[in-house]
Amino acid sequence: MAQQAAAEDRLSRVFSALADPTRRDIVARLTDGDATVSELGSAYDVSLQAVSKHLKVLEEAGLVTKGRDAQRRPVHLEAEVFDLMTKWIERYRAQAEARYQRLDGVLAEMDSASNLDTNRGAS
Numbered sequence: 002m003a004q005q006a007a008a009e010d011r012l013s014r015v016f017s018a019l020a021d022p023t024r025r026d027i028v029a030r031l032t033d034g035d036a037t038v039s040e041l042g043s044a045y046d047v048s049l050q051a052v053s054k055h056l057k058v059l060e061e062a063g064l065v066t067k068g069r070d071a072q073r074r075p076v077h078l079e080a081e082v083f084d085l086m087t088k089w090i091e092r093y094r095a096q097a098e099a100r101y102q103r104l105d106g107v108l109a110e111m112d113s114a115s116n117l118d119t120n121r122g123a124s
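Using our numbering, you'd call the opening residue of the sequence shown number 2 and step up by one each time.
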């Protein structure tokens with residue numbers, strides 16, 4: 002139970018971090034590869050300090066890590082977080098799909114019954 006609560010807390014931090022469009026765009030840019038704060042900042046009309054704040058939120062959510070490569074400090078996207086989000090989304094997508102399939106079955110039965118009634122009336 003505690004493990005599930007921890008996963009849901011992490012999931013909350015991830016979705017909260019991704020609520021901001023700039024942070025979502027940073028994540029999208031990092032799917033192409035690691036980048037420095039300066040490289041990421043060049044895409045936005047904000048200060049490097051603002052980009053650093055966005056990265057801090059993403060880092061606290063576990064979406065990115067900062068490395069050290071000689072003089073460079075590349076930001077790296079942590080892909081396993083996407084597995085956490087995907088599992089959560091998939092669980093609810095599967096439940097919704099099952100509901101739609103049951104609804105399709107009910108509608109098909111209603112359509113069959115309606116067709117039978119129509120055919121009986123025509124006889």
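No residue lacks a Cβ here, since even glycine has one placed at the ideal position from N, Cα and C.
Since we're looking at a predicted model, the values are computed, not measured.
Do you know offhand how far Ala99's Cα is from Asp105's? As a position in the sequence shown, residue 99 is number 98, starting the count at 1. As a position in the sequence shown, residue 105 is number 104, starting the count at 1. The straight-line gap from Cα to Cα measures roughly 10 angstroms.
Would Val38 and Leu64 qualify as a contact pair, given that the criterion is a beta-carbon distance under 8 angstroms? As a first step, residue 38 is located in the sequence shown; it is residue number 37 there, counting from the start. As a first step, residue 64 is located in the sequence shown; it is residue number 63 there, counting from the start. No, the pair does not count as a contact, with Cβ atoms beyond the cut-off.
Find out if the Cβ-Cβ distance for the pair Arg24, Leu59 is shorter than 8 angstroms. Translated into positions along the sequence shown, residue 24 becomes position 23. Translated into positions along the sequence shown, residue 59 becomes position 58. Cβ distance < 8 angstroms, so Arg24 and Leu59 count as in contact.
Taking the beta strand (DSSP E) that Thr32 belongs to, which residues open and close that run? One-based indexing of the sequence shown puts residue 32 at position 31. It is not in any beta strand (DSSP E) - Thr32 carries neither H nor E in the DSSP assignment.
Just how far apart, CA to CA, sit Ser43 and Glu9? Walking along the sequence shown from the start, residue 43 turns up at place 42. Walking along the sequence shown from the start, residue 9 turns up at place 8. So the two alpha carbons sit approximately 34 angstroms from each other.
Compare the beta carbon distance of Arg94 and Ala62 with 8 angstroms and say whether it is the shorter of the two. Within the sequence shown, residue 94 is the residue found at index 93, counting from 1. Within the sequence shown, residue 62 is the residue found at index 61, counting from 1. No. Outside cutoff.
Assign Leu117 to one of two classes, buried (16 or more other C-beta atoms within 10 Å of its C-beta) or exposed (fewer than that). As a first step, residue 117 must be located in the sequence shown, where it is residue number 116. Result: exposed.
With which residues is Arg94 paired in a DSSP beta bridge? For the purposes of this step, residue 94 is taken as residue 93 along the sequence shown, with counting starting at 1. None, per the DSSP bridge assignment.
Same chain only: Cβ atoms within 8 angstroms of Gln72, ignoring 5 sequence neighbours per side: Position 71 of the sequence shown, counting from 1, holds the residue named residue 72. Nothing listed; no residue qualifies.
According to DSSP, is Val76 helix, strand or coil? Sequence index remark: in the sequence shown, residue 76 carries index 75 (1-based). It is a strand residue.
When you compare only the Cα positions, how much space is there between Thr1 and Asp26? Residue 1 cannot be examined here, being either before or after the span of the chain that is shown, 2 to 124.
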